[in-house]
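Reviewing the structure listed below.
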Amino acid sequence: MSTYQEYLKGEREQTWRAELRKMTPNKERTTIERVKMPELDPQIRIHYQDREVNLGLTAEQAVLEARRCLDCPTPTCIEGCPVSINIPKFVKNIERGEFLEAAKTLKETSALPAVCGRVCPQEKQCEAQCFYTQKMKKTPVAIGYLERFAADYERESGRMSVPEVAAPNGIKVAAIGSGPASLSFAGDMIKLGYDVTVFEALHEIGGVLKYGIPEFRLPNKIVDVELTNLEKMGVKFERNFIVGKTASFDDLKAEGFAAFFVASGAGLPRFMNIPGENYNGILSSNEYLTRVNLMNAASDAFDTPVLRGKNVAVIGGGNTAMDSVRTAKRLGAERAMIIYRRSRDEMPARVEEVHHAEEEGIEFINLTNPVEYFANERGRVNRMRVQRMELGEPDASGRRSPRVIEGSEYDIDVDLVVVAVGVSPNPLIPSALKELKVSRWGTIEVDKESMQSSVPELFAGGDIVRGGATVILAMGDGRRAAAGMHRYLTGDQTSNH
Amino acid sequence: MNQIVEKTWFSDKVAKIVVEAPRIARSRKPGHFVILRVDEQGERIPLTITDSDPEKGTITLVVQVMGVSSAKLCSMNPGDKILDLVGPLGQATHIYPAGTVLACGGGVGVAPMLPIVEGFKKAGCRVISILAARTKELIILEEEIRRWSDEVIIMTDDGSYGRQGLITAGAEEVIQREKVDACIAIGPAVMMKFTAQLTKKYNIPTQASLNAIMVDGTGMCGACRVTVGGQTKFTCVDGPEFDAHQVDFDELILRLGGYRDEEKHASDCKCNSHHS
Amino acid sequence: MKANLTTRFFGLELKSPVVAASSSMTGNVDQIRKIADAGAGAIVLKSIFEEEIYHQLQEELSRRNEFLSDPEYLDYFDYVIKDESLRKYVKLVSDAKAAAGVPVVASINCATSNEWMAFAAKLQEAGADALELNLFVAPSDYGKTGQDHENFYFTVVDRVLRHVSIPVSIKISHYFSNLAGMVQKLSQTGVAGISLFNRFYAPDIDIAAEKVVAADVLSADNEYLLPLRWTGILAGKTACRLAGTTGIHTAETAVKFLLAGASAVQVASALYQHGPAVVADMNSGITRWMDEKGYVSIDDFRGKLSLQNVGNATAWERVQFMKYFGEKEF
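Protein sequences, first through last, are from chains L, S and V. Numbers in the numbering used here are just positions in the first sequence, counted from 1, shifted up by 4. Numbers in the numbering used here are just positions in the second sequence, counted from 1, shifted up by 176. Numbers in the numbering used here are just positions in the third sequence, counted from 1, shifted up by 1.
Listed below in structure tokens is the structure:
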């Protein structure tokens, strides 16, 4: 049995856990129905960019939901978690009313519990591995809602725990980019006693958490609280600093940095390269969301403008497309449309987001693909030509490929188009380091376990390695890279879980 | 850091601002620009670095008041701090011993042109600089340009200074009287467009420094995209300088007007709030 | 009295009627240079294939499954692959132009119509002198009618013509029930030339392994007979010029096509088998024949033996062997 499993077993055998299990028989636990997350009414929420849709569980709801958890001897839920949160431990703490303890448990492994509780696709991760899902074919324990509850409770109580930090070991390490991968990396490294500096190109820390995910899903204020925690632990943040431009890697090495974690993200917008795509009123989702989420462009009190449209089309089917189209709705669109080449069921966006979008009146135009844009005499887009698709054979990813239906073209009136068809790795760092091994698509190649690149003192993780993935996967990379870099710097071969 | 150490008005619309930015001053080369944000409410705006002093740790920016953000910046004084300043961004100018270089600067475009002119002169070229603007007030950096040019021609639309006429008229005269090996054109998009058309006739390799709209400046949003030689390029990471004969200037001009309504609205709001 | 091999096809003046057809040889800049140096009138670049792009996508997608990928990223990955293929092809066009010194024709092989229009425009920007559309979809779809198949050709041609201003020519198969009418109609769309006929990947059977395999890639010597017949029948009846292709391996065969009415011939298998030198051989063979016959230019004899000029319908159109025997006198 590995040390981690021994640890889990040891925790589970604690008196309080054993007693808690005895208090309610499993048969009773399984009769409790999964809690429904209270939501802000759609008709109200479409007028507010900054009001969360999910309102959070009450303490009673949380305790009841926590009771459903059977505290399995072999918790399969943890296997589904990219950052290996000790799920049964935090859930059971909630059940016994120790909410602050639950938050502390979360922080043992996750640097951003309030973030994860809100944006993780739990339905594909921990909850998909829950005993309820796997063995009983019932709805799983609402692990995500509980995580959010514990994190929010701690924040609102004003008694935020600061995880213990080892004595400083004098070794300086740098993280490039301040998104979820770097924050996770920084959290682990600071705990090990390293001197950690996070360099960020933009003027705000948080990366995609701040500029990409809208306020109604993840308020920036909540991200700030988690960041303050990291600062309290000793992590240093340098804003407006582009490694490779403001200073080179060599400059930083001369300043004493021993190793680097590159997590500069997949911040290169992709366009479809179809005719008319450079007309005014056609933006990448990065531009649209950055203006609204990072620069507060929707507010007159802020100087950055944003284009508003009555008929807004968002091209794409992922979470970014959902974020963009729901933002457009909130900014006053009469028609806010999703144009996606595959069917509704195949949309990669989280089911919950699609569901919320539907409630808000978003139109889903599936099996449709744009081919050309047209503009008025001032160069502003006013029409888009689309063609219908049908699904053909499954491709190598297992999803059915969309095929054009000949002669099926028609036009849709639009005055704003947001292109959310994915992002590519930002080329700034790879171009600054010629010796860095980079894939043909611009992703940095790394060892999957240690996240070490072809340059020994350089590790990488997050979207710059994966192409374009989720916050939680980036965090998992950050943790693995921290372990890998720690081994590299100290020659320590024991696995750091 | 980011403290303004010097501020001078060239005219009632154009100001020179020297800012403390040691790291940027050290890493900067001609052609690079910065993105700055004056305050929490401010926009991120790009400005070419006109000059830098690595020893003092300062950079020089030349700003023309055109809208809300530039007005805010120009109203700041020595001692004030710029909230956010990042750089150096973009690709540095490709300076090489070209021979005879014709540098055409329109309006405030002369500011980014200065370091390039200096660079080419130091590389041993013969440099002929043409400065053009609507009127005398808008001609800037004349002394500084003279220092690094073998000849300076000044053109104004209204004839209030130098000769009357458009920059292209002045440029064509030079081209017709001597062999020009390379040309630089920096200024309003329409000026660069016509200058490029002129030099194309004579097959003179020409670089233009584009002034596209930007948000992040690091290649992340695509707001600054331009079409060069049929391909989409990002002004902030692939430019800001491009082969002028390949740039789709009409598209650039169109895209520069993309936020005109919103910018007017913002200006109006500011005016109204001042009156209330 | 030296013969002049100048001719016109692809909407361009060519210094020789011998053109390098689209093949993997014309995807390599060194080979292109050698073929051009050997005297080819033009180079048709290796085709950019929609199918190839599809396969690259499959490969990339299957590799990504290992490293826990996100469907959101892969969703539009085919566009990324298309972009990359296009960029590579655009580079091939400009490199080929720099190396060849003769007209370079970009070639697109389209299975479906829509997405290639923007490509075509980009190829023009890259400097291609003309565009060849390699048009063929095997009529094996039971759900489609003959009309459906024919419409496809006109739709594609119409779309491409609207998106580019360089000359567009097409290469087609003979799979039409009204071939003559079809080619004539196609010639009236504004295309700069029609090449008869495409040669396709063919399936064969390995009876030892009991498997369907690929047939031999190279054309046999007598494969030219089919396109020769139709060149002869169609010459003079089309609004644009014609070229022959498939099975043209010698100067003699090239002359046959010119006599039948073609303005050029496209060769591929000959290049594979004999290398770029075969172009020089064919050029000198044609010149020798012309000199012997006293012809100074290609126009002097082009189409001399075409159906239109010879008037002997039987010679060109006869398909039944019975008829041949039927004419014999006993």
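C-beta atoms are modelled at their ideal positions from N, C-alpha and C, and glycine is treated no differently.
Please find out if some non-hydrogen atom of the ligand MN comes closer than 7 Å to the beta-carbon of residue i.
{"i": "V268 of chain V", "result": "Inclusion of the ligand MN in the displayed structure is not the case, the ligand content being empty and no account of it being possible."}
Would residue i and residue j be called neighbours here (beta carbons separated by less than 8 Å)?
{"i": "W445 of chain L", "j": "G465 of chain L", "result": "no"}
{"i": "V143 of chain L", "j": "A178 of chain L", "result": "Correcting the residue type first, residue 143 of chain L is Thr in the shown sequence and not Val. Their beta carbons are not under 8 Å apart, which means T143 of chain L does not touch A178 of chain L by this criterion."}
{"i": "A39 of chain V", "j": "A278 of chain V", "result": "yes"}
{"i": "T7 of chain V", "j": "S298 of chain V", "result": "yes"}
{"i": "G266 of chain S", "j": "H208 of chain S", "result": "yes"}
{"i": "M283 of chain V", "j": "A255 of chain V", "result": "yes"}
{"i": "G402 of chain L", "j": "Y283 of chain L", "result": "no"}
{"i": "S170 of chain V", "j": "G191 of chain V", "result": "no"}
{"i": "S228 of chain S", "j": "I235 of chain S", "result": "yes"}
{"i": "I304 of chain S", "j": "S325 of chain S", "result": "yes"}
{"i": "E438 of chain S", "j": "L287 of chain L", "result": "no"}
{"i": "Q147 of chain L", "j": "I98 of chain L", "result": "Reading off the sequence, residue 147 of chain L comes out as Ile, not Gln. Contact: no."}
{"i": "I351 of chain S", "j": "I380 of chain S", "result": "yes"}
As a quick exercise: from the options, pick the residue whose alpha carbon is nearest that of residue i.
{"i": "D75 of chain L", "options": "L:V123, L:K195 and L:R16", "result": "L:R16"}
{"i": "E61 of chain V", "options": "L:K93, L:S443 and L:A115", "result": "L:S443"}
{"i": "V106 of chain V", "options": "V:S86, V:A127, V:A210 and V:I287", "result": "V:A127"}
{"i": "I433 of chain L", "options": "L:M299, L:M388, L:A251 and L:T324", "result": "L:A251"}
{"i": "V67 of chain L", "options": "L:E102, L:D54, L:D45 and L:L234", "result": "L:E102"}
{"i": "Y136 of chain L", "options": "L:G191, L:S161 and L:C73", "result": "L:C73"}
{"i": "Q65 of chain L", "options": "L:A107, L:Y11 and L:Y149", "result": "L:Y149"}
{"i": "P398 of chain L", "options": "V:I44, V:Y55 and V:A37", "result": "V:Y55"}
{"i": "T34 of chain L", "options": "L:I91, L:T78 and L:V145", "result": "L:V145"}
{"i": "Y292 of chain L", "options": "L:N277, L:P279, L:P309 and L:I278", "result": "L:P309"}
{"i": "R159 of chain L", "options": "L:F203, L:D199, L:K111 and L:Q138", "result": "L:K111"}
{"i": "L243 of chain V", "options": "V:L87, V:P228 and V:R319", "result": "V:P228"}
Along the chain, where does the alpha helix (DSSP H) containing residue i start, and where does it finish?
{"i": "Q138 of chain L", "result": "F135 to Q138"}
{"i": "Y215 of chain L", "result": "V212 to Y215"}
{"i": "M388 of chain L", "result": "From DSSP, M388 of chain L is part of no alpha helix (DSSP H) but of the beta strand (DSSP E) over V385 to P398."}
{"i": "D228 of chain L", "result": "N224 to M237"}
{"i": "T408 of chain S", "result": "Not the alpha helix (DSSP H): T408 of chain S falls in the beta strand (DSSP E), residues Q407 to F410."}
{"i": "Y90 of chain V", "result": "F78 to A101"}
{"i": "Y8 of chain L", "result": "T7 to R16"}
{"i": "Y74 of chain V", "result": "P72 to L75"}
So residue i is in the beta strand (DSSP E); what residue range does that whole segment cover?
{"i": "Q240 of chain S", "result": "T234 to Q240"}
{"i": "S435 of chain L", "result": "From DSSP, S435 of chain L is part of no beta strand (DSSP E) but of the alpha helix (DSSP H) over L432 to A436."}
{"i": "M351 of chain L", "result": "Here M351 of chain L belongs to no beta strand (DSSP E), and DSSP marks it neither H nor E."}
{"i": "I380 of chain S", "result": "Careful: I380 of chain S lies outside any beta strand (DSSP E) and carries neither H nor E."}
{"i": "W185 of chain S", "result": "I180 to W185"}
{"i": "F153 of chain V", "result": "Segment G147 to H164 is the alpha helix (DSSP H) holding F153 of chain V; no beta strand (DSSP E) there."}
{"i": "A340 of chain L", "result": "R339 to I343"}
Original post:
Contact between the stretch 131-138 of chain L and the stretch 111-120 of chain L: three or more CB pairs below 8 Å?
Top reply: Three or more beta-carbon pairs separated by less than 8 Å are not found between the stretch 131-138 of chain L and the stretch 111-120 of chain L, which leaves the two stretches without contact.
Subject >> the stretch 250-270 of chain S: positions lying closer than 8 Å to chain L by Cβ >> reply: For the stretch 250-270 of chain S, which is checked against every Cβ of chain L, the residues closer than 8 Å are L259, D260, L261, V262, G263, P264 and L265.
Original post:
Taking contact to mean at least 3 C-beta pairs separated by less than 8 Å, is the stretch 370-377 of chain L in contact with the stretch 299-311 of chain L?
Top reply: Segments in contact, no.
Original post:
Would you say the stretch 294-314 of chain S touches the stretch 378-398 of chain S, given that touching needs at least three Cβ pairs under 8 Å?
Top reply: Contact between the stretch 294-314 of chain S and the stretch 378-398 of chain S is absent: fewer than 3 CB-CB pairs across the two stretches fall below 8 Å.
**OP:** Count the C-beta pairs between the stretch 484-495 of chain L and the stretch 448-460 of chain L that are closer than 8 Å, then say yes if the count reaches three, no if not.
**Re:** The answer is yes - the stretch 448-460 of chain L touches the stretch 484-495 of chain L, with three or more Cβ pairs under 8 Å.
Original post:
Do three or more CB pairs link the stretch 78-89 of chain L to the stretch 45-60 of chain L at distances below 8 Å?
Top reply: No, they do not touch.
**OP:** Could you run through the stretch 186-204 of chain S and flag, in chain order, every residue whose CB is less than 7 Å away from some CB of chain L?
**Re:** For the stretch 186-204 of chain S, residues whose beta-carbon sits nearer than 7 Å to a beta-carbon of chain L comprise R199, I200 and S203.
Original post:
Touching or not, the stretch 243-253 of chain S and the stretch 324-336 of chain S, by the rule of three or more beta carbon pairs under 8 Å?
Top reply: With a cut-off of 8 Å on Cβ pairs, the stretch 243-253 of chain S is not in contact with the stretch 324-336 of chain S, counting fewer than three such pairs.
Subject >> contact_flag[the stretch 289-308 of chain V, the stretch 267-274 of chain V] where n(CB pairs < 8 Å) is 3 or more >> reply: Contact between the stretch 289-308 of chain V and the stretch 267-274 of chain V is not established, with fewer than three Cβ pairs separated by less than 8 Å.
Original post:
Given 8 Å as the limit, is there contact between the stretch 149-163 of chain L and the stretch 174-192 of chain L, that is, 3 or more CB pairs closer than that?
Top reply: No: the two stretches stay apart, fewer than three of their Cβ pairs being nearer than 8 Å.
Subject >> At least 3 beta-carbon pairs within less than 8 Å: the stretch 17-33 of chain V vs the stretch 409-426 of chain L >> reply: The stretch 17-33 of chain V, when compared against the stretch 409-426 of chain L, does not touch it at the 8 Å Cβ threshold.
Original post:
Would you call the stretch 282-297 of chain L and the stretch 199-217 of chain L in contact, with 3 or more CB pairs under 8 Å?
Top reply: Yes, the stretch 282-297 of chain L is in contact with the stretch 199-217 of chain L.
**OP:** With 7 Å as the C-beta to C-beta threshold (strictly closer), list the residues of the stretch 222-242 of chain S near chain L in chain order.
**Re:** Of all residues in the stretch 222-242 of chain S, none is placed with a Cβ closer than 7 Å to any Cβ belonging to chain L.
Original post:
What are the residues of the stretch 270-285 of chain L that lie near chain V, defined by any Cβ-Cβ distance shorter than 9 Å?
Top reply: Listed in chain order, the positions of the stretch 270-285 of chain L with a beta carbon within less than 9 Å of a beta carbon of chain V are A270, R274, F275, M276, N277, I278 and P279.
**OP:** Could you tell me whether the stretch 475-486 of chain L touches the stretch 262-273 of chain L, where touching means 3 or more Cβ pairs closer than 8 Å?
**Re:** Contact holds: three or more Cβ-Cβ distances are below 8 Å.
**OP:** With 8 Å as the C-beta to C-beta threshold (strictly closer), list the residues of the stretch 472-485 of chain L near chain V in chain order.
**Re:** Those would be G472, A473, T474 and L477, in chain order.
Subject >> Contact list for the stretch 384-410 of chain S against chain L, Cβ threshold 9 Å >> reply: Those residues of the stretch 384-410 of chain S that come within reach of chain L (Cβ to Cβ, closer than 9 Å) are V391, D392, G393, T394, G395, M396, C397, G398, A399, R401, V402, T403, T408 and F410.
**OP:** May I ask you to verify whether the stretch 365-375 of chain S touches the stretch 295-302 of chain S, counting CB pairs closer than 8 Å and requiring at least 3?
**Re:** No, they do not touch.
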